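Under our numbering, the first residue of the sequence shown is numbered 2, with each subsequent residue one higher.
Even glycine gets a Cβ: it sits at the ideal position worked out from N, Cα and C.
Being a predicted model, the structure only gives us computed values, none of them experimental.
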Amino acid sequence: MVFLLKPKDNAEAILERISQFLAERGMKVSEQKTKVTATTDGFTFLGWHFRVQSNGKFRCVPSVNNFKAFRQKVKDIVNNSKYGAKTKAEKLAPIVRGWRNYHRFCKMNGSRFSLWHVQNRAFRVFNKESKQNRYTSKKLVNIAFPSVPYSENKHGNVKGEKSPFDGDMTYWSERNSKLYDGETAQALKRQNHICGYCGLKTLSDERVHLHHVDGNHNNWRTKNLLAIHESCHKYLHRRKRESQEHREPDAGKLARPDLTERGGE
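Following this line, the structure appears as structure tokens:
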């Protein structure tokens with residue numbers, strides 16, 4: 002939540018404006034979890050540490066506690082003697098990919114957040130196994146630590162004084178489509194940011210899924226791809242599954258001809 006504050010506003014005035022805004026919507030500020038601070042001092046929120054530097058440049062990096070928790074998960078798997086190197090690599094891959102995707106708009110260069118030290122440690126552990134050598138260990142490290150491209154501060158800024166509560170569904174549905182890439186983004190653009198099943202706008206309160214119309218996930222033709230709400234996607238597949246369960250077992254079989262005995266006329 003972002004508020005345009007005046008230079009003369011103090012902490013009490015800021016909290017009063019926020020409390021009034023939330024009260025109109027049936028909510029209230031948690032005094033224990035609310036903190037008013039200068040952006041130049043920095044603050045931590047949802048696993049990120051935000052700060053505006055002295056030169057006015059905005060910086061966002063993974064918070065200290067977030068990085069420690071992630072590193073501990075990796076260490077627990079790498080140092081676990083119950084798993085072999087191959088199993089460890091398979092278990093590490095989704096954890097590392099998820100962490101890097103979550104922080105893909107942060108400043109992720111440097112040896113710390115690039116995970117060079119963690120990868121080096123994993124390589125030495127993998128290489129100690131009798132079945133592994135430095136070449137196979139390197140391949141397993143590449144599997145365990147998949148690379149995810151990041152774009153620092155490339156998130157879309159909210160235009161002017163726009164708010165999710167202003168009722169401008171067109172603006173927010175178009176902005177929400179920018180959160181997706183590839184075929185999903187192209188499908189949303191073709192559909193004018195409208196769900197291909199229910200016809201409602203695709204807002205940020207529900208994710209958008211890419212639906213294959215013919216059910217063939219290998220068919221990536223444009224006419225076969227439809228961007229729909231997550232709930233609509235689940236409903237379509239549930240209805241299809243129920244129709245298959247209620248279909249008669251012999252409905253798809255050809256009827257056998259009624260043959261009479263030779264000379265039976």
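Beta-carbon proximity of residue i to residue j, cut-off 8 Å
| i | j | result |
| --- | --- | --- |
| Val209 | His230 | yes |
| Thr171 | Leu189 | no |
| Thr40 | Val53 | yes |
| Gly183 | Leu227 | no |
| Phe124 | Lys140 | no |
| Val194 | Ser174 | Rather than Val, the amino acid found at residue 194 in this sequence is His. Against a cut-off of 8 Å, the Cβ pair of Ser174 and His194 comes out as a contact. |
| Ala90 | Glu130 | no |
Helix, strand or coil at residue i [DSSP, three-state]
| i | result |
| --- | --- |
| Ala252 | At Ala252, the pLDDT of 47 sits below 50, so the modelled position is not reliable; the number obtained from the coordinates is stated separately. It is coil, neither helix nor strand. |
| Ile19 | helix |
| Ala24 | helix |
| Ala39 | coil |
Close-in-space but distant-in-sequence residues of the same chain around residue i (CB under 8 Å, 5 per side omitted)
| i | result |
| --- | --- |
| Asn134 | Asn128 |
| Asn220 | His213 |
| Arg105 | Val149, Pro150, Tyr151, Ser152 |
| Lys7 | At Lys7, the pLDDT of 49 sits below 50, so the modelled position is not reliable; the number obtained from the coordinates is stated separately. Hits under 8 Å: none found. |
| Ile96 | Phe71, Lys74, Val75, Ile78 |
Same chain only: Cβ atoms within 7 Å of residue i, ignoring 5 sequence neighbours per side
| i | result |
| --- | --- |
| Lys108 | Arg60, Cys61, Val62, Glu153 |
| Asn102 | Val149 |
| Arg257 | Reliability of the predicted coordinates at Arg257 is poor, the pLDDT of 45 falling under 50, and no value is obtained from them. |
Run of the alpha helix (DSSP H) containing residue i, from where it starts to where it stops
| i | result |
| --- | --- |
| Arg60 | Segment 59 to 63 is the beta strand (DSSP E) holding Arg60; no alpha helix (DSSP H) there. |
| His50 | No alpha helix (DSSP H) holds His50; the beta strand (DSSP E) holding it covers 49 to 53. |
| Ser238 | According to the sequence displayed, residue 238 carries His and not Ser. Where His238 is concerned, the enclosing alpha helix (DSSP H) stretches over 231 to 247. |
Cβ neighbours of residue i in the same chain (closer than 6 Å, five flanking residues each side left out)
| i | result |
| --- | --- |
| Gln21 | none |
| His247 | none |
| Trp100 | Phe71 |
Where the beta strand (DSSP E) through residue i begins and ends
| i | result |
| --- | --- |
| Phe106 | First-last for Phe106: undefined, no H or E at that position. |
| Phe46 | 44 to 46 |
What ranges does the beta strand (DSSP E) occupy inside the segment 187 to 221, keeping only unbroken runs of at least 3 residues that lie completely in it?
Runs found: 209 to 213.
Any chance you could list the alpha helix (DSSP H) runs of at least 4 consecutive residues sitting entirely within the segment 116 to 158, in chain order?
117 to 128, 135 to 145
Note down, one range per segment and in chain order, each alpha helix (DSSP H) of at least 4 residues found wholly within the segment 61 to 102.
65 to 79
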